[in-house]
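Working notes, structure below.
2 protein chains.
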Amino acid sequence: MRTRLKDVAERVQLSPALVSGVLNGRANVWASEDTRARVLEAARELNYHPSTAAKALSNGRTNTVALVYRRLSGTAYRLAYTGLVDAFSEQLQARGYDLMVSNFATEEEVLAQIRRMANAHACDAMILWGREADTEPQGELLDSLNIPFLVKGRHEKKHPEWRQIDFDHEGMMRQAVEQVVSLGHRRIAYLGFPLEEAFVRALRRGYVEAHERLLGFAPDVQYMDSSEDDLEGNSQCVEQWLSLPEDQRPTAFVIGSGNYAWHALEASLARRGHALSQQPGGYSAAGIASYYFTLSFGEAMAYQGIEIDNLAQQASPGLLDAILCGHEEHRIVRFLPSLTPAPTLGLNAGPGGQA
Amino acid sequence: MRTRLKDVAERVQLSPALVSGVLNGRANVWASEDTRARVLEAARELNYHPSTAAKALSNGRTNTVALVYRRLSGTAYRLAYTGLVDAFSEQLQARGYDLMVSNFATEEEVLAQIRRMANAHACDAMILWGREADTEPQGELLDSLNIPFLVKGRHEKKHPEWRQIDFDHEGMMRQAVEQVVSLGHRRIAYLGFPLEEAFVRALRRGYVEAHERLLGFAPDVQYMDSSEDDLEGNSQCVEQWLSLPEDQRPTAFVIGSGNYAWHALEASLARRGHALSQQPGGYSAAGIASYYFTLSFGEAMAYQGIEIDNLAQQASPGLLDAILCGHEEHRIVRFLPSLTPAPTLGLNAGPGGQA
DNA sequence: CTGAAAGCGCTTACAG
DNA sequence: CTGAAAGCGCTTACAG
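Next up, the structure:
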């Protein structure tokens, strides 16, 4: 049989009420130091852990936070969630909270679950993760249900009062532009994803703004292209650029998309006997890549996918405490990771590498 | 204010007890079809969802399963957990259960959490994930606490009665050997991880057994090597093999480790003007790789990291129902994924590719 | 077939 | 400073 509060109260010859007060460190409960020690000792001896259900029912707090999201398909998205649960679990445990995870195939199911958990009082707060198109209705529902929440994404325009976290996408592309400009490049192409989501637009905006600020002029539209994360689409973009006359050809590439942009870039350069380089005078690249990323030939600076963990970890000091305790500071957190040298196989891309 | 059972009972002019019985579809409760319909209708109208805490406290079931593990570091391990939570959440939701996730830095913390959750009755069952060295003490603790659980790993020797799931590592390497033997290869090298864990030994055992069975003789020890998942270590192994006289040189490679084994293999072959091929007479390879995996030059058959999701999904028909309902069948599940063509950039690895 | 009552294990005012 | 009592919102025998 499990140990109950009554058991430890009997053991120390005190009322359950007092024992409860001591165990929860309640301020308005008086007990001598000796009594406190005896209570703690007895609880430990009997391996007492209060029933979560009873506790939640009586004091109205579940000490549980729910992470809710719509499942996304595709490797890029799967990788973007890697480490997320680990980071939140760690931070919540440290605050005495448990993490519940609920994900569903459709947005309707997610909204139904939010409604259920709110009415069933299954958690004290929620964390929403995913695309803005999904999380916005979810957040609005939580608002109406009066449940505190934290949301991943860029909701600053429509919901500046929401507690939200995301990468500083503009800053990331700014740093990438700074990097290649510092190597002397002036014709800098941008390869991104198709412009469907907020972060994709933010990435491109970062490139454009940094380009204007650092070089003093807007990038030529022919230097901005996009593709899904596949080899064919990215190869087309890159081939077009590399086929330009030498005095128009871009010499640097800012990557705002996935691994296949890098693969395509390296492959096209290799066919021409070139490799990415960090030396002035060569072809250079900087930008984002997915979790598992290794260049074949050259060298470049990249934000590694590993940074996604940092994003969840950034939520800890401010946002998590905010939704748990109702603080008002730290509503919007934007995280700017560092550019680091990408791992490379360092293969030779001589002219014989021609496909 | 949240809707309570009492509210819907009042709405339909019935006792809470009857409404509870109808809502839970209890068998020994009688109510006319009309009454049932009115109750359901009222519950829906009032958006009634029973308090999880009250329900758990009164009927002793939490409808929650906890996934517990020690956090592991390293990309390979992070990737191995990708999709795990998604798969379990999906399967549990379908059965009316919520998923709780608790992970910790140390084994001591994991064991303490298991003890706490068991005594606090925070869940009905647990899922243990991780290395056998961690999960074995965890499982033994759960045994002693009488909590049903499901464990990932190979515990068939010491705990054949445990509900457990893992890949069929021997079968995977058997299929890889079959693949290259079918292409006519007879000198088949094996590149694995250092022999520290059960699955690493199982992979190698699969290679050895299939080799003996299919070729009629045991593999030469010089054809079996291992390395951590880095470029240097794997390159050393591969270079040694490729430097052998032609009549001793292996022509096929079974990979029981990570992406850098493939990268090293491709790089070493490329320096000699070769690429992996599925044609008889060339160099061939087959085996495991991590989640995000793209060959640079050649073609090969691989188990993609994506398969880890299937592992969690395999737990659904048998094991999950077993721990939730106490069925006795399906104690040990071993999952054998399919070898598929690896994605490749298809770059030319001509002699000019020499580094 | 139906409803009143006890109980799950805590917490929290509220009297002594 | 301390303890008896009510209550959180359900479920489940158990009488009518």
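Going down the list, the protein sequences come from chains P and C. Residues 864 to 1218 (the working numbering) are what the first sequence spells out, left to right. Residues 864 to 1218 (the working numbering) are what the second sequence spells out, left to right. No residue lacks a Cβ here, since even glycine has one placed at the ideal position from N, Cα and C.
Residue from the options whose Cα sits closest to the Cα of residue i
i               : options                               : result
L868 (chain P)  : P:L947, P:A1148, P:L903 and P:Y1166   : P:L903
S921 (chain P)  : P:E1060, P:V1071, P:H984 and P:T1207  : P:H984
L974 (chain C)  : C:L962, C:S1007 and C:D1110           : C:S1007
P1082 (chain P) : P:A1052, P:G1047, P:C1100 and P:T1114 : P:A1052
H1032 (chain C) : C:T998, C:R1068 and C:G1002           : C:R1068
F1116 (chain C) : C:S1147, C:L1132 and C:S1140          : C:S1147
F1198 (chain P) : P:H1190, P:L1174, P:A1152 and P:A1185 : P:L1174
R901 (chain P)  : P:G959, P:H912, P:N891 and P:E873     : P:E873
D1184 (chain P) : P:Q876, P:G884 and P:G959             : P:G959
T969 (chain C)  : C:R933, C:S1131, C:R1017 and C:L909   : C:R933
A929 (chain P)  : P:Q1001, P:R994 and P:N891            : P:Q1001
V1101 (chain C) : C:H1022, C:F1080, C:G1189 and C:R1135 : C:R1135
T898 (chain P)  : P:S914, P:N891 and P:Q876             : P:Q876
Min CB distance residue i to chain P below 7 Å
i               : result
D997 (chain C)  : no
Y1155 (chain C) : yes
R865 (chain C)  : yes
H984 (chain C)  : yes
N966 (chain C)  : yes
D987 (chain C)  : no
A919 (chain C)  : yes
M963 (chain C)  : yes
T969 (chain C)  : no
A1081 (chain C) : no
L1202 (chain C) : no
H912 (chain C)  : yes
Proximity test, Cβ basis, 7 Å: residue i and chain C
i               : result
D855 (chain P)  : Residue 855 (chain P) lies beyond the residue range present for chain P, which begins at 864 and ends at 1218; the question has no answer from this structure.
A1218 (chain P) : Residue placement at A1218 (chain P) is poorly supported in this model, since its pLDDT is 36, which falls under 50; the coordinates are not used for a value here.
L1208 (chain P) : yes
R979 (chain P)  : yes
R934 (chain P)  : yes
G946 (chain P)  : yes
D897 (chain P)  : no
S952 (chain P)  : yes
H1126 (chain P) : yes
Burial state of residue i (16 or more Cβ within 10 Å)
i               : result
R924 (chain C)  : exposed
W992 (chain C)  : buried
N1122 (chain C) : buried
R907 (chain C)  : exposed
S878 (chain P)  : exposed
E1129 (chain C) : buried
G1216 (chain C) : Low local confidence applies: a pLDDT of 41 at G1216 (chain C) is under 50, so the model's placement there is unreliable, with the coordinate-based value given in what follows. Classification of G1216 (chain C): buried, given that the 10 Å Cβ count is 16 or more.
R1037 (chain P) : buried
Q1167 (chain P) : buried
A880 (chain C)  : exposed
Q1111 (chain C) : exposed
E1059 (chain P) : exposed
CB contact flag (residue i, residue j, <7 Å)
i               : j               : result
L947 (chain C)  : L955 (chain C)  : no
P1057 (chain C) : S1098 (chain C) : no
R1026 (chain C) : L1005 (chain C) : no
A1178 (chain P) : I1028 (chain P) : yes
L1210 (chain P) : S1159 (chain P) : yes
V1261 (chain P) : A905 (chain P)  : No information on residue 1261 (chain P) is available, as it lies outside the stretch 864 to 1218 that chain P covers here.
D987 (chain C)  : N966 (chain P)  : no
R941 (chain P)  : T1157 (chain C) : no
E1019 (chain C) : I1151 (chain C) : no
G1161 (chain C) : G1119 (chain C) : no
A1149 (chain C) : V1043 (chain C) : yes
L1046 (chain C) : P1143 (chain C) : yes
S952 (chain P)  : V964 (chain C)  : yes
Y1155 (chain P) : S1153 (chain C) : yes
H1193 (chain C) : L1208 (chain C) : no
Y848 (chain C)  : P1113 (chain C) : With chain C covering only 864 through 1218, there is no way to say anything about residue 848 (chain C).
A1163 (chain P) : L1139 (chain P) : yes
L1094 (chain C) : A1127 (chain C) : yes
S1131 (chain P) : L1105 (chain P) : yes
Beta strand (DSSP E) runs wholly inside the region 1047-1087 of chain C, at least 3 long, in chain order: 1051-1055
3-residue-minimum beta strand (DSSP E) runs that sit fully inside the region 948-1017 of chain P, ordered along the chain: 961-967, 988-991 and 1012-1015
Sequence ranges, beta strand (DSSP E) only - wholly within the region 1139-1174 of chain C, length at least 3: 1147-1151 and 1164-1166
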